[in-house]
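Have a look at the structure below before the remarks.
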Amino acid sequence: MHGLRRRPGRVTQGEGQGCWLCARPLGARIEWHHPVPKSRGGRQMVPVHPICHRTIHATLSNVELARAYADAMALRSHPAIARFLGWIADKPADFHAPTLSAGRRRR
């Protein structure tokens, strides 16, 4: 799986950086997110928890990410992401739960 490999020049577990989205300490599993999707020309990669990464892509399309949410602060202000961040804030770094896409969420 691409998200579990150490990337040259990137921070991994135990090197003091938190998740780009939620700012919680990183756990044993780290995935790498492109704030601007590769399909839209993005090259930068940032470390995120797997659950945070899945939530980003379950909530927003690559077009939406590229147009309005490439910045962490903008992404955190999205209503669904803000709700997720409030919920995940007190969970341990390696917490996992199923992530529903926007179309499958219970209303």
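Reading the sequence shown from the start, the letters are residues 1070 to 1176 in the numbering used here.
Using N, Cα and C, we set each Cβ at its ideal position, and we do this for glycine too.
Cα-Cα separation, residue i to residue j
i	j	result
I1120	G1110	24 angstroms
R1145	H1126	13 angstroms
I1157	A1149	12 angstroms
P1094	H1118	9 angstroms
R1112	H1102	10 angstroms
G1143	P1116	At residue 1143 the sequence reads Ala, which differs from the Gly that was named. One C-alpha to the other measures close to 17 angstroms.
Q1086	S1108	26 angstroms
P1134	A1166	Residue 1134 is actually Leu in this sequence, not Pro. Going by the C-alpha atoms only, they are around 23 angstroms apart.
L1129	P1161	24 angstroms
E1100	M1114	10 angstroms
N1131	A1151	19 angstroms
Within 7 angstroms, strictly: CB atoms of residue i and residue j
i	j	result
A1139	V1105	yes
C1088	L1154	no
T1168	R1123	yes
A1097	D1159	no
Run of the beta strand (DSSP E) containing residue i, from where it starts to where it stops
i	result
H1102	1100-1102
Check: residue i C-beta below 6 angstroms from any heavy atom of the ligand GTP
i	result
L1095	This structure does not include the ligand GTP; it has no bound ligands of any sort.
**Request:** Any chance you could list the alpha helix (DSSP H) runs of at least 4 consecutive residues sitting entirely within the stretch 1109-1159, in chain order?
**Result:** 1119-1128, 1131-1137, 1141-1146, 1148-1157
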